[in-house]
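S.K.: Residue numbering for the sequence shown follows our numbering, starting at 7 and increasing by one per position.
Using N, Cα and C, we set each Cβ at its ideal position, and we do this for glycine too.
This is the structure I have questions about; it appears just below.
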Amino acid sequence: MKKYFCNPCGYTYDPEKGDPEHGIAPGTAFEDLPDDWCCPLCGVNKSMFQPCIDNYN
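Structure follows, in structure tokens:
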């Protein structure tokens, strides 16, 4: 599964880890996140995320 990073703050969403503090289980692909999910660091919505190139981030 591909990682995604937040353009404004640099947070990396790693689907292997999920976002358990916000109810997102490990193994949840970015595409399967709820529409109302926001960056846990800066609060922007999913549209501000970009796929990591070669999972570098």
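Could you tell me the distance, in whole angstroms, from the CA atom of G24 to the CA atom of Y17?
M.R.: 13 Å
S.K.: Determine the DSSP secondary structure at D38, reduced to helix, strand or coil.
M.R.: helix
S.K.: Looking only at DSSP bridge pairs, what is P57 linked to?
M.R.: Y10
S.K.: Using a Cβ-Cβ distance under 8 Å, would N51 count as near chain D?
M.R.: In the structure shown, chain D cannot be found, because there is only a single protein chain.
S.K.: Ordered along the chain, which non-local residues of its own chain (more than five positions away) have a Cβ less than 6 Å from that of Y10?
M.R.: Y19, F36, F55 and P57
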